[in-house]
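Sequence positions in the sequence shown follow my numbering and run 247 to 742. All remarks here apply to the structure that follows.
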Amino acid sequence: MKKFYITNSIAYTNAFPHIGFALETIQADVLARYHRILGEDVFFLTGTDEHGVKIAKAAREKDKNPKNFVDEISEKFKELKRILNLSNDDFIRTTDKKRHWPAVEKVWLKLKENGDIYKKKYKGLYCVGCEAFIKEKDLVNGKCPIHKKNLEVIEEENYFFKLSKYSKKIENIIEREEIKIIPESKKNEILSFIKQGVEDVSCSRLKENLKWGIEVPGDDTQTIYVWMEALVSYLSVLDYAENGDKLKKFWPADVHCVGKDIFRFHSLLWQAMLLSLKLELPKTIFVHGFITVGGEKMSKSLGNVIDPFELVKKYGTDSVRYFLLREISPTEDGDFTYEKFEKRYNADLAKGLGNLVARVLTMAEKINLDSESQISRLAEDGPLRSRDSEASESRRADSKFKTILKDIWQKDKKALDKFKFNEALISIWELISFCDRYIERERPWETKESQKIVINNLLFALKEIASLLQPFLPETSEKILNQLENKKSEILFPRI
Ligand SMILES: [Zn+2]
């Protein structure tokens with residue numbers, strides 16, 4: 247059985263989850279579900295990254311100790327599983343001393359053993375937002391180009407990781423697409439970043455300046471750099487410390503889903519660590535963009551942060567999943583407004599999908615089709631063949647149905663294999679419009695010879711639509727299948 251290991255970036259617990267993370271985790275969930283449907287042995291990981299200066303600071307501002315602070319936030323991230331209907335197989339926390347810490351210690355000692363960690367005095371500009379040192383040449387008006395905030399001058403004796411030693415090798419690996427970076431623009435971005443020259447990175451902080459983290463093994467004056475240990479969570483969840491069966495089975499990761507702000511850490515630092523550890527490299531790094539709100543960056547200070555909990559409460563899980571997958575580009579920035587959300591909801595879900603399901607089932611109920619033919623049998627047989635005596639009209643429709651179904655399944659697969667969730671959904675909605683047009687043309691509400699065949703074809707198409715929707719809208723897919731089974735229509739998406 248083929249395995250498929252997919253991860254989210256483990257979320258940083260300095261604040262409650264917003265829809266940007268919901269997007270990432272839903273994208274990963276679709277891929278996990280899709281690969282399960284393909285019959286693969288899937289392991290889907292999500293979790294929380296809970297150490298570092300930024301979290302210690304955020305906790306202090308709220309007058310909380312860091313552990314209580316992250317416990318509360320991590321719990322919220324865990325709850326996403328329920329509200330977004332995620333199928334993750336595990337959830338790792340970097341404060342997990344039983345699973346994560348031993349793996350981090352093992353990684354550190356191995357990197358050291360391989361001669362890739364050394365100590366030196368260093369002075370640099372640190373951005374707490376990025377949890378990284380920023381080079382002078384990358385500053386914009388003396389500030390971090392991402393966070394637009396002033397930087398802290400840090401002068402410490404720290405441990406360094408020999409990132410420079412691996413940069414050429416990583417450049418070649420990315421160029422040859424041994425690691426695929428999606429989209430192409432991000433691949434080019436990291437390549438040009440590497441070509442500008444990569445320096446070694448500080449991989450610890452003085453403990454007196456940062457207590458909230460994992461201590462450097464054998465040096466109680468230093469704390470391990472947060473990125474370096476957080477990345478290890480992809481291994482610690484597979485029992486890396488014990489070199490367990492899970493590691494043998496699932497490593498390397500098939501897909502790391504990450505945001506554009508952190509893909510560099512995944513494409514460079516993480517790969518260098520893995521090379522030093524002599525572990526296989528992940529196959530794909532899939533990078534999504536940011537969500538703006540009405541064209542503005544989401545931020546606490548602007549008060550425009552969209553809370554996925556509120557959104558789900560108001561519109562339901564699958565509506566949120568649908569909007570994020572259909573409206574937001576998988577790899578570019580996308581925009582959220584309530585207006586856009588409701589427009590999509592009404593047009594595609596209430597009117598498009600919901601209306602078709604209700605119409606077809608109502609017609610099937612009316613002619614009491616179920617007593618004469620078995621809908622469940624249709625799936626095995628394919629669209630019902632018109633028998634010799636039936637109208638030639640429906641015969642043509644049947645072959646047309648077959649052609650379009652085949653075409654949609656192919657488009658869906660092609661789109662999903664390329665992480666183009668929006669395109670996959672567009673093709674499913676093509677099938678929905680095809681069915682609508684078919685109904686208008688065939689007028690199956692009129693009693694005539696072809697009526698039964700037309701409705702049978704439509705019932706079959708609904709089953710196909712439900713199957714196609716499975717990875718995207720799992721609950722809706724199940725509801726449609728149940729309605730087909732019970733031959734009873736219920737409203738899927740009430741108009742708003
Ligand atoms: Zn920054």
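Cβ coordinates follow ideal geometry from the N, Cα and C atoms, glycine included.
Residue burial annotation: residue 548 is exposed, with fewer than 16 other C-beta atoms found within 10 angstroms of its C-beta. With respect to residue 483, residue 345 sits close: the two C-beta atoms are nearer than 8 Å. Measuring C-alpha to C-alpha distances from residue 262 to each of 360, 452 and 551 identifies 551 as the nearest. Spatial neighbours of residue 458 in its own chain (CB-CB distance under 6 Å, excluding positions within 5 residues in sequence) are listed in chain order as 297, 302 and 312. Residue 518 has no beta-bridge partner at all, per DSSP. Residue 294 has 257 and 339 as its beta-bridge partners, per DSSP. With a cutoff of 7 Å, residue 508 does not count as near ligand 1, since its C-beta is closer than that to no heavy atom of the ligand. Under the DSSP definition of a beta bridge, residue 580 partners with 537. Following the DSSP letters along the chain, one finds residue 352 inside the alpha helix (DSSP H) bounded by residues 346-359.
As summarised for the stretch 449-507, the continuous alpha helix (DSSP H) elements at least 4 residues long and confined to that stretch are 472-476, 479-482 and 491-496, given in chain order.
Check the Cα spacing between residue 537 and each of 512, 516 and 570: the tightest is with 570.
The criterion of a C-beta distance shorter than 8 Å is satisfied by residue 539 and residue 582.
In this structure, residue 392 has its CB closer than 7 Å to one or more heavy atoms of ligand 1. Residue environment: residue 584 is assigned as exposed (fewer than 16 neighbouring CB atoms within 10 Å of its CB, all protein chains considered). The Cβ-Cβ distance between residue 412 and residue 468 does not fall below 8 Å. Boundaries of the alpha helix (DSSP H) around residue 688: 667-688.
Assigned with DSSP and collapsed to three states, residue 397 falls in coil, not helix or strand. Taking residue 651 as the centre and dropping the five residues before and after it, the same chain places the C-beta of 710 closer than 6 Å to its C-beta, in chain order.
Around the C-beta of residue 614, fewer than 16 other C-beta atoms lie within 10 Å, and the residue is accordingly described as exposed. With respect to residue 723, residue 729 sits apart: the two C-beta atoms are not nearer than 8 Å. The beta-bridge partner set that DSSP reports for residue 370 consists of 400. Here residue 666 has 576 as same chain residues with Cβ atoms under 7 Å from its own Cβ, once five neighbours each way along the sequence are excluded. At least one heavy atom of ligand 1 lies closer than 7 Å to the C-beta of residue 375. By DSSP's assignment, residue 405 forms a beta bridge with 365. DSSP places residue 553 outside both helix and strand once states are collapsed to three, so it counts as coil.
Counted as a single uninterrupted DSSP element, the stretch harbouring residue 596 is not any beta strand (DSSP E), since DSSP gives it neither H nor E. Taken atom to atom, the span from the alpha-carbon of residue 742 to that of residue 706 is near 29 Å. Proximity to residue 260 across 349, 497 and 295 peaks at 295, based on C-alpha coordinates. Inclusion of residue 475 and residue 497 in the CB contact set at 8 Å is not warranted, their separation being larger than that value.
Judged by their CB atoms, residue 493 and residue 603 are not nearer to each other than the 8 Å cut-off. Counting only the Cα atoms, residue 686 lies some 54 Å from residue 511.
Note on residue 247: under 16 other CB atoms within 10 angstroms of its CB, so exposed under the neighbour-count rule.
In terms of Cβ geometry, residue 416 and residue 440 form a close pair [threshold 8 Å].
DSSP, read as helix, strand or coil, puts residue 321 in helix.
The C-alpha of residue 373 is placed about 7 Å away from the C-alpha of residue 398. Inter-residue distance for residue 377 and residue 279 is about 33 Å (C-alpha atoms, whole angstroms).
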